[in-house]
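Here is the structure we will look at.
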Amino acid sequence: MNAVRPIAVKLDQETRDRLKRLADARDRSTHWMLREAVSQFLSREEAREAFRQAGLAAWQEYQMTGQHVTHEDADAWLAKLEAGEEADIPQCHN
Numbered sequence: 000m001n002a003v004r005p006i007a008v009k010l011d012q013e014t015r016d017r018l019k020r021l022a023d024a025r026d027r028s029t030h031w032m033l034r035e036a037v038s039q040f041l042s043r044e045e046a047r048e049a050f051r052q053a054g055l056a057a058w059q060e061y062q063m064t065g066q067h068v069t070h071e072d073a074d075a076w077l078a079k080l081e082a083g084e085e086a087d088i089p090q091c092h093n
């Protein structure tokens, strides 16, 4: 079972006031607003980290294999897709 446990966050008075005003305007508690903010932050940062890790893995694979797609091939492929045409993925080069 996942127990919900409190955590303390120290906020300056200006931030606390802004949080309270927004919570009141949205008819939500400050507690709800903080939980939502943390949830959205974690989702965003986890996605950014996954993207970063994928980029690092792609760079490592490129360094090992030298396989790549030229800018010209990628640009032509994307232009076809943008125009709504069917297009095969460009072939990798050494």
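Counting from 0, one number per residue, gives the positions in the sequence shown under numbering that gives the first Met the number 0. From the three backbone atoms N, C-alpha and C, an ideal C-beta is built for every residue, glycine too.
A22 and M32 do touch by the CB rule: their CB atoms are close to 5 Å apart, below 8 Å. Within its own chain, the residues whose Cβ lies closer than 6 Å to the Cβ of N93, once the five positions on either side in sequence are excluded, are G65, listed in chain order. Within the DSSP bridge table, the entry for H30 names no partner. Residue pairing by DSSP puts H92 in a beta bridge opposite H67. Inter-residue distance for L80 and A56 is about 26 Å (C-alpha atoms, whole angstroms).
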